[in-house]
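Numbering (the working numbering), first residue to last: 24 to 282. We treat Cβ as the ideally placed atom computed from N, Cα and C, and that holds for glycine. Report on one structure; see the data block that follows.
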């Protein structure tokens, strides 16, 4: 007599049922929209810093070194983080171990960009004459907490799912927490980006006023709206069960037998 699958797993008969074509068609459209929004966010923040704030430099010009901070943080904690989140849904037909490696690799790239972005902002403060105070604002607290949690999330995920890898039961127990914190940290990254935008706007407009910066204000407002739209699309895709990657027969066999 064949044992019934444990609760929470799809039966082998249900595995081969095709997903609705319209659903996957809309999923593809959403993924393209998300990629477009991510690229738009990177372009807008690069234009903002490069065109309106005199470009980029490293430690020789601390004020210009700061300009790397928002660009690298958006690339790492918004654009690349988004791609890491979507990897399991976009590459649904790829072997799971390869998706795990891809997911972890994209996150490493995101962490590298974020780390360089943090160095840029600390340098821009510490190398000023006189030095500028660090970690005094809500944005700085939220942003640093987000990067730290992101790094811890990566370490926990690597140990749990790649190497040395926990037992099947422990992985099943940890997985909902991994998913929750992945989305929660992404939400924190979006909040940090928006508070950072407004903090920078406050500094640059304190003398002449925000309404007197029409071109820059347009770029800044569009950047904020693009990041919010991107986040909404990502949360929609991730929370839709029909877009979730389905296990292969071999993976289901492992889940059912524990082998």
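In this structure, residue 242 places its C-beta atom within 7 Å of the C-beta atom of residue 67. DSSP places residue 164 in the uninterrupted alpha helix (DSSP H) bounded by 161-184. Excluding sequence positions up to five before and after residue 179, its CB lies within less than 8 Å of the CB of 197 and 201, all in the same chain and listed in chain order. When the alpha-carbon of residue 124 is set against those of 256, 177, 62 and 53, the nearest one is in 177.
In its chain, beyond the 5 residues on either side, 93, 239, 242, 243 and 246 have a beta carbon closer than 8 Å to the beta carbon of residue 71. Look at the beta carbons and you see the region 184-197 not touching the region 77-87: under three pairs across the two are nearer than 8 Å. Membership of residue 105 in the alpha helix (DSSP H) is indicated by the continuous run 104-113. Per DSSP, residue 86 is one residue of the alpha helix (DSSP H) stretching across 85-88. One alpha carbon belongs to residue 189, the other to residue 119, and they sit about 16 Å apart. Taken through DSSP and simplified to helix, strand or coil, residue 158 comes out as coil. With a beta-carbon spacing of about 4 Å, residue 215 and residue 166 fall inside the 8 Å limit used to define contacts.
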